[in-house]
Amino acid sequence: NATGKSIRFRVCHLLATLLKEMPEDLDLDEVVLEEIERAIMDRAYDRLPRIRAVAAEALGFLQNPEDSTSKESVIGVLLKMASFDASASVRKACVTSIAITKETLQCLLQRTRDVNLEVRLAAIRGIALKVEPTMLTKEQRDSLLEQGLRDRTENVRKATAEYLLRDGWFHGYCGGDIFEFA
Numbered sequence: 001n002a003t004g005k006s007i008r009f010r011v012c013h014l015l016a017t018l019l020k021e022m023p024e025d026l027d028l029d030e031v032v033l034e035e036i037e038r039a040i041m042d043r044a045y046d047r048l049p050r051i052r053a054v055a056a057e058a059l060g061f062l063q064n065p066e067d068s069t070s071k072e073s074v075i076g077v078l079l080k081m082a083s084f085d086a087s088a089s090v091r092k093a094c095v096t097s098i099a100i101t102k103e104t105l106q107c108l109l110q111r112t113r114d115v116n117l118e119v120r121l122a123a124i125r126g127i128a129l130k131v132e133p134t135m136l137t138k139e140q141r142d143s144l145l146e147q148g149l150r151d152r153t154e155n156v157r158k159a160t161a162e163y164l165l166r167d168g169w170f171h172g173y174c175g176g177d178i179f180e181f182a
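Heads up: the sequence shown begins at 1 in full-length UniProt numbering, then just goes up one per residue.
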């Protein structure tokens with residue numbers, strides 16, 4: 001709860017880096033983990049977008065996909081930030097960091113229609129990397145491809161064709177097998 005914005009930013013960034021580099025088999029004390037989570041959750045509501053964005057990145061390492069029902073859960077906070085934060089950099093950080101569940105998948109699909117180009121690109125790349133085509137209904141796949149390939153921005157059209165269709169779904173999930181892809 002430091003008053004200096006650079007201190008708040010650096011502490012959040014340090015925690016995000018530590019969480020990212022921490023081995024998965026490391027057993028942290030529950031009290032310490034809860035204190036870290038509480039501190040980062042406080043920064044998720046900071047007045048500065050830069051701090052909220054790095055807090056979203058840190059929260060990405062603390063989320064528990066099994067505990068996504070509560071609005072106060074890490075995933076609940078990331079969902080709210082991804083959907084309603086005024087800053088595009090915060091929405092992008094949330095889209096990049098959030099784990100895929102039934103609840104978060106819908107949010108990720110909505111972010112492919114975000115007003116900001118970078119958020120749309122991050123959502124498409126996130127879907128390409130984390131979402132198997134079978135996780136989506138036929139209507140969701142059709143809608144995603146149609147809006148992505150008809151986007152007003154060339155970068156989004158290219159990302160949809162290359163990252164999502166070719167690299168993500170065709171090569172990534174179908175192993176380049178045209179029959180399985182169809």
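Think of the CB as a built atom: it goes at the ideal place given N, C-alpha and C, for glycine as much as any other residue. Quick caveat: nothing in here was measured; it's all calculated off a predicted structure.
query: Taking the Cβ atom as the reference point for each residue, do V54 and R91 lie within a distance shorter than 7 Å?
result: no
query: Less than 7 Å separating the beta-carbons of A122 and T96?
result: Cβ atoms of A122 and T96: closer than 7 Å.
- request: Using three-state DSSP, classify Y163 as helix, strand or coil.
  value: helix
- prompt: With I124 and G148 assumed to form a contact (beta carbons below 8 Å), what rounded beta-carbon distance in angstroms separates them?
  reply: Sure, about 6 Å apart at Cβ, within 8 Å.
query: Any idea what DSSP makes of S73, helix, strand or coil?
result: The answer is coil: DSSP assigns S73 none of H, G, I, E or B.
query: Excluding the five sequence neighbours on either side, which residues of its own chain have a C-beta within less than 7 Å of the C-beta of A82, listed in chain order?
result: R91, C94, V95, I98, C107 and R111
task: To the nearest angstrom, report how far apart V31 and R152 are at their CA atoms.
output: 49 Å
task: Could you tell me which uninterrupted alpha helix (DSSP H) segments, each at least 4 residues in length, are contained entirely in the stretch 14-89, listed from first to last along the chain?
output: 30-43, 49-60 and 74-84
Limits of the alpha helix (DSSP H) - the one that T104 falls within: K102 to R111
- prompt: How many Å lie between E132 and F181 at the Cα?
  reply: 11 Å
- prompt: Between I100 and F170, what straight-line distance do the alpha-carbon atoms span, to the nearest angstrom?
  reply: 20 Å
task: Since I believe A16 is in contact with A58 (beta carbons under 8 Å), could you give me their beta-carbon distance rounded to a whole number of angstroms?
output: 4 Å
Limits of the alpha helix (DSSP H) - the one that D142 falls within: K138 to L149
query: For the putative contact between L144 and L117, defined by C-beta atoms under 8 Å, what is the C-beta separation to the nearest angstrom?
result: With a Cβ gap of about 17 Å, L144 and L117 do not count as contacting.
- request: Please name the residue in L62, E66 and A128 whose C-alpha comes closest to that of E24.
  value: E24 has its Cα closest to that of L62, out of L62, E66 and A128.
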